[in-house]
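A.B. asks: Please see the structure below; I have some questions.
Chains as they are written, first to last, in the working numbering: chain Y, 6 to 473; chain V, 6 to 473.
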């Protein structure tokens, strides 16, 4: 009880403390209040006087109550299509579990490369690598495709979030998959949706066109280094209790024989699955939104009886994520509408105006990277900070090619810091295999590795291929 | 299975049939597609090839897929503050049940006037009458205050939605409460929120100021007649199996003695409850939105531990209602943005241009009334139809006072037709005591009584007090 009061004091103290600081001259009162509530919500979801979701809902309520945003906008995150893509991903993964198809696919993977836990992880990362080369929807790709398989793998190894068995394999696997996912976001122009925005901004502001091949060639060397180092780091940090599974291959073979041929619900799900993926891949031609495609898939599963309505409304994990992710998306979106980030960026730039460009670039890139703690999407981060930071670094005399590439990749990699950094984060995190403390610890260590590799190996590689 | 195919043929046939009709000249293709999807969704939620909620979700998906509205707007109902008020009402009523406070209040009511079932109903209607005289939020009033008590009353009588005991008391009580609620909406300027919009429109268009006392005095005579007739009709239509409860009073007395004094959670809930109601009542002065007030109340219940987070996410009924009400609110709001209702209204007006005013008024008022089948809120109905219909009736020569009052009250009363007619409708209906067929049957019969009483008794009363 006393413990709880201390937690409340920290959370409310942060919010009230910031709110009492007079806002900078150009910042409207509402924007400053929102900043205070946002930071208090984040602090509160770390120290947890209430469960994180309840903290966020309280933050949404506070934002409306203290008139930081009107109620209509305070609720706007719950109509956000990316939030609904997360919901849809949960429902599809429920169908994977219900029909047993996810289990079957997992067993096939286990049969193929299941001799070691890390091999299992890489088989999924490899799948995600292929997908990222043409599917820019991270929510769809990870939440809809990789996650259901990962979830079945962990269930196959009797590793579950709630009963003390998370450490067997789930904690390691979910952390590895998400951190690798973030690297894959950075690796392809199609790695995630707002990379296309970055391409536009870089062309407009610095005259550099990061087309598909330039993007990939520049990224692949540091990307591969990180795809080796970061899983190894996570393996050391959260060593899975199940490390070697010598009997897994024969076990999987036996289980697959028991399962026999595909059942009718499995066939329908597989067909829906392939159709949804095919439509996602071909989105460039038909232009149908990926949330719409996912929701059509769910409608088909409902119509064919593969999913029943009660499967959806009883998927309470999904509603939990819906509440907190929707709330954070709203706050981040509303904050990015204010001029707080711009003022912040300009303030930083004015301080370091006289420095040499390598030091200036280093400081700015780090600030740019760690600012992602305040963003619930890469898009919001890019929209708020990419242009001012690019402008400042160019003004400092940093070669255009170098700063464009560094900021571009950092915009993606920084999403690994938190459990709300980009669309798939709440999907993986929401399963409950990884505590917030562990998630953030892994994110922080991975961020150091990513920053070192991309700024040393990357910079040398880009010099070598003539980008600066 | 064959039955299911027929149901799908009816549902899809309706939608495709309407979609294939070429839209009127001024109606954009998207608006017409939306109309087709809306009507197909309504038909589908009546014949039910899928459960109603799944039908609505499929309608939302179809609206986005067939580009009737972009996905961002298709999901907008899920950020609607009235939809969230419904969610909040469910959560508050969960607390009422969890703490036992609802049960205690119900027992007090039973002790007071529980000798007959209809007496129980009237005790709640009387409470609602008092509340409606100063609380314009119907969702708050009914969903947050009346419903938890009603739900506890039905539980006390062992009448539950799912186990065949709905007919004991629940079906009768929920139907009576909702139909009376609609009459109370019409009775006060503060009966529901958009009455304030009506007041503005009537002043602007016809120069008539329906202030608080004029509104009430004009309504009270037909209102009282309906508050007697309609419960009697419902009593005949859905006779509660539990009609007389001679032992209820002594039973309640014994139970209340067993319960003893208020527990701590009950006290906190009662305090929150009174604070929320007090803030709702005083909204005129402080201007805090009623959804915000309700959500602050829920935050307080979470913070104090009266409700736990899992109570919220496990309240699956709430999520069910959230999905379908949010979908219908969106469709109705989007339809009212199109010019379809205006074209429809103008079409009607042009046909009856040459008629005498009493016949013209009768026809127009009936069309105005039954058009509410297409609306998920009184506000939307008023915004779309009040002005054109008022204009047409005035042009026909109908006395301004008469047509203003008739359209004003009909705008409220027509909400009784469906289970989505106004905010509290999905709250009462969503409990599951009343099937959709029964709900609509009661709504249709009540509509005939309401129309007859308000147009005969009302018209005479308004003549007597000099309104025309």
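All C-beta atoms, glycine included, are put in the ideal place defined by N, C-alpha and C.
1. Looking at the C-beta of residue 341 of chain V, does it have a partner C-beta in chain Y at a distance below 8 Å?
2. Determine which residues share a DSSP beta bridge with residue 9 of chain Y and list them.
3. Who does residue 121 of chain Y pair with in a DSSP beta bridge?
4. Does the beta carbon of residue 63 of chain Y sit closer than 8 Å to a beta carbon anywhere in chain V?
5. Of all the residues that make up the region 271-305 of chain Y, which are near chain V by a beta-carbon distance shorter than 8 Å?
6. Looking at residue 281 of chain V and residue 122 of chain V, is the spacing between their C-beta atoms short of 8 Å?
7. Who are the neighbours of residue 31 of chain Y on chain V, taking C-beta pairs under 9 Å?
8. Would you verify that the beta carbon of residue 329 of chain V is, or is not, closer than 8 Å to some beta carbon of chain Y?
9. Assuming residue 176 of chain V is part of the alpha helix (DSSP H), what are its boundary residues?
10. Distance, Cα to Cα, residue 259 of chain Y vs residue 178 of chain Y?
11. To the nearest angstrom, report how far apart residue 235 of chain V and residue 189 of chain V are at their CA atoms.
12. Select from the region 22-47 of chain V all residues with a C-beta closer than 7 Å to any C-beta belonging to chain Y, and list them in chain order.
13. With C-beta atoms as the reference, is residue 148 of chain V less than 8 Å away from residue 432 of chain V?
14. Within the 8 Å Cβ cut-off, does residue 89 of chain V reach chain C?
15. Where are the alpha helix (DSSP H) runs, 4 residues long or more, that stay fully inside the region 288-327 of chain V, in chain order?
16. So which residues on chain Y does residue 319 of chain V lean against when the C-beta distance must stay under 8 Å?
17. Which residues of chain Y have a Cβ atom closer than 7 Å to the Cβ of residue 56 of chain V, listed in chain order?
18. With a threshold of 8 Å between beta carbons, is residue 168 of chain Y in contact with chain V?
19. Can you give me the C-alpha to C-alpha distance between residue 262 of chain Y and residue 115 of chain Y, rounded to a whole angstrom?
20. When you compare the region 94-112 of chain V with the region 305-312 of chain V, are there three or more beta-carbon pairs, one atom per stretch, that lie closer than 8 Å?
21. Beta-carbon of residue 52 of chain Y versus every beta-carbon of chain V: anything under 8 Å?
22. Give every residue of the same chain whose Cβ lies closer than 8 Å to the Cβ of residue 113 of chain Y, excluding the five residues on either side of it in the sequence, and list them in chain order.
23. Does residue 308 of chain V come within less than 8 Å of chain Y when only Cβ atoms are used?
24. Could you name the residues of the same chain whose beta carbon sits closer than 6 Å to that of residue 194 of chain V, not counting the 5 residues immediately before and after it, in chain order?
25. Excluding the 5 residues preceding and the 5 following residue 40 of chain V in the sequence, name in chain order all residues of the same chain whose CB lies nearer than 7 Å to its CB.
26. With residue 445 of chain V and residue 423 of chain V assumed to form a contact (beta carbons below 8 Å), what rounded beta-carbon distance in angstroms separates them?
27. Can you find at least 3 beta carbon pairs, one from the region 287-307 of chain V and one from the region 161-181 of chain V, that sit closer than 8 Å?
28. Helix, strand or coil: which one does DSSP assign to residue 425 of chain V?
29. Label residue 276 of chain V either buried or exposed according to how many other C-beta atoms from any shown protein chain fall within 10 Å of its C-beta, with 16 as the threshold for buried.
30. Does the region 360-378 of chain V come into contact with the region 407-417 of chain V, if we say contact requires no fewer than three beta-carbon pairs (one atom in each stretch) closer than 8 Å?
31. So, do the region 69-89 of chain V and the region 46-55 of chain V have three or more beta carbon pairs nearer to each other than 8 Å?
32. Would you call the region 59-75 of chain V and the region 283-300 of chain V touching, i.e. three or more CB-CB distances under 8 Å?
33. Where in the region 349-389 of chain Y do unbroken runs of the alpha helix (DSSP H), each at least 4 residues long, occur, reported from the N-terminal end onward?
34. Within the continuous alpha helix (DSSP H) that includes residue 210 of chain V, where are the two ends?
35. Does the CB of residue 468 of chain Y have a neighbour CB from chain V at under 8 Å?
36. To the nearest whole angstrom, what separates the beta carbons of residue 418 of chain V and residue 455 of chain V, a pair I think is in contact under 8 Å?
C.D. replies: Working from what's here:
1. Here residue 341 of chain V corresponds to residue number 336 of the second chain, with the count starting at 1. No, residue 341 of chain V lies away from the interface with chain Y (no Cβ there is under 8 Å from its Cβ).
2. The residue you call residue 9 of chain Y lines up with position 4 of the first chain. The secondary-structure analysis by DSSP pairs residue 9 of chain Y with nothing; it has no beta-bridge partner.
3. Within the first chain, the letter at position 116 stands for residue 121 of chain Y. Y:249, per the DSSP bridge assignment.
4. To locate residue 63 of chain Y, count along the first chain from 1; it is residue 58. Interface residue, yes.
5. For the region 271-305 of chain Y, the set of positions with a beta-carbon nearer than 8 Å to some beta-carbon of chain V reads 293, 294, 296, 297, 300, 301, 303 and 304 in chain order.
6. As a position in the second chain, residue 122 of chain V is number 117, starting the count at 1. As a position in the second chain, residue 281 of chain V is number 276, starting the count at 1. For residue 122 of chain V and residue 281 of chain V, no; Cβs fall outside 8 Å.
7. For the purposes of this step, residue 31 of chain Y is taken as the residue at position 26 of the first chain. Taking a Cβ-Cβ threshold of 9 Å, none of the residues of chain V is close to residue 31 of chain Y; the smallest such distance is about 27 Å.
8. Within the second chain, numbered from 1, the residue matching residue 329 of chain V stands at position 324. Put simply, the CB of residue 329 of chain V is far from chain Y, with every gap to its CB atoms at 8 Å or more.
9. As a working mapping, residue 176 of chain V is identified with position 171 in the second chain. Per DSSP, residue 176 of chain V belongs to the alpha helix (DSSP H) from 175-192.
10. Taking the first chain and counting its residues from 1, one reaches residue 259 of chain Y at position 254. Taking the first chain and counting its residues from 1, one reaches residue 178 of chain Y at position 173. A direct Cα-to-Cα measurement between residue 259 of chain Y and residue 178 of chain Y gives close to 24 Å.
11. Stepping through the second chain from its first residue, residue 235 of chain V is reached at position 230. Stepping through the second chain from its first residue, residue 189 of chain V is reached at position 184. Cα to Cα, the separation comes out at about 12 Å.
12. Residues passing the 7 Å Cβ filter: none.
13. As a first step, residue 148 of chain V is located in the second chain; it is residue number 143 there, counting from the start. As a first step, residue 432 of chain V is located in the second chain; it is residue number 427 there, counting from the start. For the 8 Å CB-CB criterion, residue 148 of chain V and residue 432 of chain V form a contact.
14. The chain inventory of the structure shown lacks chain C, comprising the protein chains Y and V.
15. Correct list: 288-291, 295-308 and 314-318.
16. The count along the second chain starts at 1 and reaches residue 319 of chain V at position 314. At a C-beta separation below 8 Å, residue 319 of chain V has these neighbours in chain Y: 321.
17. For the purposes of this step, residue 56 of chain V is identified with residue 51 of the second chain, where counting begins at 1. Per Cβ cutoff of 7 Å: 314.
18. Position 163 of the first chain, counting from 1, holds the residue named residue 168 of chain Y. Residue contact check for residue 168 of chain Y against chain V: no CB pair falls below 8 Å.
19. Within the first chain, residue 262 of chain Y is the residue found at index 257, counting from 1. Within the first chain, residue 115 of chain Y is the residue found at index 110, counting from 1. The alpha-carbon atoms of residue 262 of chain Y and residue 115 of chain Y are separated by roughly 14 Å.
20. Yes: the two stretches touch, three or more of their Cβ pairs being nearer than 8 Å.
21. Here residue 52 of chain Y refers to the residue found at position 47 of the first chain. When Cβ-Cβ separations below 8 Å define contact, residue 52 of chain Y makes no contact with chain V.
22. On the first chain, position 108 is the one that residue 113 of chain Y refers to. Only 257 and 261 meet the Cβ criterion.
23. Numbered from 1 along the second chain, position 303 holds the residue referred to as residue 308 of chain V. Residue contact with chain Y for residue 308 of chain V: present (Cβ-Cβ distance below 8 Å to some residue of chain Y).
24. Here residue 194 of chain V refers to the residue found at position 189 when the second chain is read from its first residue. 200, 217 and 220.
25. On the second chain, residue 40 of chain V is found 35 positions in, with the first residue counted as 1. The answer, listed in chain order, is 23, 340 and 345.
26. The residue you call residue 445 of chain V lines up with position 440 of the second chain. The residue you call residue 423 of chain V lines up with position 418 of the second chain. Contact between residue 445 of chain V and residue 423 of chain V is confirmed by a C-beta separation of about 7 Å, below the 8 Å threshold.
27. Short answer: they don't touch.
28. By one-based count along the second chain, residue 425 of chain V stands at place 420. Of the three classes helix, strand and coil, the one that applies to residue 425 of chain V here is coil, per DSSP.
29. Locating residue 276 of chain V in the second chain gives position 271, where the first residue counts as 1. Exposed, since its Cβ has fewer than 16 Cβ neighbours within 10 Å.
30. Yes: at least three Cβ pairs fall under 8 Å.
31. Because the criterion of three Cβ pairs below 8 Å is not met, the region 69-89 of chain V and the region 46-55 of chain V do not touch.
32. Here the region 59-75 of chain V does not lie against the region 283-300 of chain V, with fewer than 3 beta-carbon pairs under 8 Å apart.
33. Runs of the alpha helix (DSSP H) inside the region 349-389 of chain Y: 362-375 and 383-386.
34. Here residue 210 of chain V refers to the residue found at position 205 when the second chain is read from its first residue. Run containing residue 210 of chain V: 200-211, per the alpha helix (DSSP H) assignment.
35. The count along the first chain starts at 1 and reaches residue 468 of chain Y at position 463. Taking 8 Å as the CB threshold, residue 468 of chain Y stays off the interface with chain V.
36. Numbered from 1 along the second chain, position 413 holds the residue referred to as residue 418 of chain V. Numbered from 1 along the second chain, position 450 holds the residue referred to as residue 455 of chain V. With a Cβ gap of about 5 Å, residue 418 of chain V and residue 455 of chain V count as contacting.
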